[in-house]
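Residue numbers (our numbering): 366 to 666.
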């Protein structure tokens, strides 16, 4: 990248950073991290001042050389400072899009649509110019005692094969946008009834995630038989996950007597833009992502 181009990109970002207010409206904002992350993008000829930067040719080139580039996008989304005008406009778009995807999930009726639904929601928000990312998430659900005395865990490391234990979207002003938590596979209907239709939360409350929650009892038992601790296993086999978790803090959501604990372990989502997503594997309730966008979202904005 030429020096002139680099200076122009840095001027676009540092000029904003220099005027950031001390008190921010987005609870995860961090000016120092924002400036460091913006420099990472600028150094790769990527403009970090606009949402959807991960679809630019420069970013796709950088991603081919560094598969963890999407982690940097997620970190930037969380570290940025947003104006009150932006957050107000984004809130309406996120609520409309999340409700549209949630309603399709509810009508579809299949459990376990979290990866598809969150990926579609994220791509719709990209189309609407909203900063966001899709997170693969560990999930702990604490039910009211009358429903279940034991939490339900969705482990990141298990004997079963899956794309992700759970998936959500982070889209400021929402620290959590979870449109499928009510439609997971539960032991009985009272568990689903104890949960909100959608978990859409703007405040941030840190969740104390234990390493044991990341790994299923079966895998923990196998590790114990090998004389290996959880810590050693994760440091050896999942160093990238542990590193990302340092930057994307675990978060807790409370609804009545129920609590949800999210540990963000990876960045996911669809590589294809919204208009290129076709086929049954990325459809909900018989609707493709672009159909949901055009029929259920745009008319309400």
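C-beta atoms are modelled at their ideal positions from N, C-alpha and C, and glycine is treated no differently.
When the options are compared against residue i, the one with the closest alpha-carbon
i, options, result
"residue 531", "512, 511, 504", "504"
"residue 562", "623, 409, 450, 517", "623"
"residue 587", "571, 436, 524, 391", "524"
"residue 401", "651, 630, 652, 612", "612"
"residue 496", "441, 621, 506, 509", "441"
"residue 408", "423, 397, 470", "423"
"residue 619", "509, 514, 448", "509"
"residue 551", "576, 516, 577, 457", "516"
"residue 555", "663, 513, 415, 466", "513"
"residue 416", "663, 426, 396, 439", "439"
"residue 446", "603, 646, 647, 396", "396"
"residue 507", "480, 559, 414", "559"
"residue 511", "603, 418, 553", "553"
DSSP bridge partner residues for residue i (one or two, in chain order)
i, result
"residue 532", "501"
"residue 623", "620"
"residue 506", "517, 625"
"residue 543", "564"
"residue 430", "The partner list for residue 430 (beta bridge, DSSP) is empty, contrary to what the question assumes."
"residue 571", "616"
"residue 649", "652"
"residue 632", "500"
"residue 522", "580"
Proximal residues to residue i (C-beta, below 7 Å), its chain only, five neighbours per side dropped
i, result
"residue 463", "486, 542, 544, 563, 565"
"residue 569", "392, 393, 540, 616"
"residue 459", "490, 495, 536, 539, 542"
"residue 433", "605"
"residue 476", "548, 549, 550"
"residue 522", "579, 580, 581, 584"
Close-in-space but distant-in-sequence residues of the same chain around residue i (CB under 8 Å, 5 per side omitted)
i, result
"residue 421", "411, 412"
"residue 673", "The structure shown does not extend to residue 673, since the chain spans only 366 to 666, so no value can be given for it."
"residue 430", "none"
"residue 452", "390, 391, 537, 538"
"residue 647", "481, 484, 485, 635, 653, 654"
Beta-carbon proximity list for residue i, same chain, < 6 Å, skipping 5 on both sides
i, result
"residue 572", "615, 616, 617, 626"
"residue 534", "483, 486, 487, 497, 499, 542"
"residue 472", "650"
"residue 576", "595"
"residue 427", "409, 434"
"residue 359", "Since the first residue of the chain shown is 366 and the last is 666, residue 359 is not available in this structure."
CB-CB length for residue i against residue j, believed under 8 Å
i, j, result
"residue 655", "residue 478", "Actually they are not in contact, since the Cβ atoms of residue 655 and residue 478 sit about 18 Å apart, beyond 8 Å."
"residue 437", "residue 405", "6 Å"
"residue 644", "residue 529", "Actually they are not in contact, since the Cβ atoms of residue 644 and residue 529 sit about 19 Å apart, beyond 8 Å."
"residue 574", "residue 520", "At roughly 12 Å, the Cβ-Cβ gap does not stay under 8 Å, so residue 574 and residue 520 are not in contact."
"residue 399", "residue 444", "4 Å"
"residue 449", "residue 390", "6 Å"
"residue 665", "residue 461", "5 Å"
(message) Would the region 580-591 count as touching the region 639-655 if we require 3 or more Cβ pairs under 8 Å?
(response) no
(message) Closer than 8 Å is the cut-off here; do at least three beta carbon pairs connect the region 643-663 with the region 594-603?
(response) no
(request) Please determine if the region 486-502 and the region 625-637 are in contact, where contact requires at least 3 C-beta pairs separated by less than 8 Å. (result) yes
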